[in-house]
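Engineer: Residues 1139 to 1416 in this note's numbering are what the sequence shown spells out, letter by letter. For each residue, glycine too, the CB sits at the ideal point set by N, CA and C.
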Amino acid sequence: MIPPIADRFVAGESPATALDHARRWNQKDVNVILNLLGEHYDDSEDAAADTEEYRTLLSDIAAAGLDACISVKPSQIGLDLGTEVFEENLASIVEAADEEGEFVWIDMEDHTTTDATLDAFERFVTERGGGMGVCLQANLRRTKGDVERFADLPGKIRLVKGAYEEPEEIAYTEKERINTAYRELLTTMFETYDDGIAIGSHDPAMVDLGRDLHDRWGTPFEVQMLMGVREDAQISLAREYEVWQYTPYGSRWASYFYRRVMERKGNALFAARAIVGR
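(1) How about Leu1174 and Ala1234: do their beta carbons lie closer than 8 Å?
(2) Whole angstroms are fine: how far does the CA of Gly1388 sit from the CA of Ala1343?
(3) Which residues in the same chain have their Cβ closer than 7 Å to the Cβ of Thr1325, if we skip the five residues on either side of it in sequence?
(4) Counting C-beta neighbours from all protein chains within 10 Å, is the total for Glu1304 16 or more, i.e. buried, or is it exposed?
(5) Does the distance from the C-beta atom of Gln1362 to that of Ile1171 stay below 8 Å?
(6) Can you tell me whether DSSP reads Pro1153 as helix, strand or coil?
(7) Tell me whether Tyr1384 sits in a helix, a strand or coil according to DSSP, three-state version.
(8) Is it the case that the Cβ atoms of Ile1308 and Ile1335 are separated by a distance below 8 Å?
(9) Which residues bound the alpha helix (DSSP H) around Leu1256?
(10) Of all the CB atoms in chain C, is at least one closer than 8 Å to the CB of Ile1231?
(11) Mark Gln1275 as exposed unless 16 or more other C-beta atoms lie within 10 angstroms of its C-beta, in which case mark it buried.
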């Protein structure tokens, strides 16, 4: 079953197939966030190679005139090798994005990476004056403070529920409590942010809440969903709102799929429902 699953959730193994996927979805008025699969490298050459591929990808996106951008995992570009390696490679990617006028998202991984990721985001987005975004996870107890921290910064915040199984002392573990935290955080963002809100959720209730908050406060926002999940909803929402599809690609599709399933117990059911279109 793995190849068909990969076809649904991963846009092929090469940059060319990823760019073709982005072109097709642009024709449906859906923008695309491209992510080269890879994470937790312990070899600096691997981190450097993916950094270079992201730089080339930014150039290719600009040359093709696509409504697309990139999203990078910190452990993919060297965080496991040290903060300095991570920030050097991120600086290289941001430099290429500046040259091409393209946007860079920084993904969030497990809680051990949060401080380094957010510190790097704050530094680079301030220096750049925007053009970047970072992901925050509603299941972490600390996120209320992080939402407040970034309210006045340029850039964007992608709010997700959180895919990692985190210790109870630092994270909410019950589904309803996570949902409550998401609603509270999203409300705060619409009330206090001038721009830069990304609803990273497939939950119709959270998307509907965002629409209601937009109607109340007028704060611009976008919706972000994964490739292969609720794609009919992505197309429908794109008729009225800005929609971005998070699209992984690359040869490491098998480890990506298994890691996503194993990180949290609910992910296996989530993936199964996505496959059958529920």
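Structural biologist: Checking against the coordinates, here is how it stands:
(1) no
(2) 32 Å
(3) Leu1351
(4) buried
(5) yes
(6) helix
(7) strand
(8) no
(9) 1252-1266
(10) In the displayed structure, chain C is absent; only one protein chain is listed.
(11) Around the CB of Gln1275, 16 or more other CB atoms lie within 10 Å, so the residue is classed as buried.
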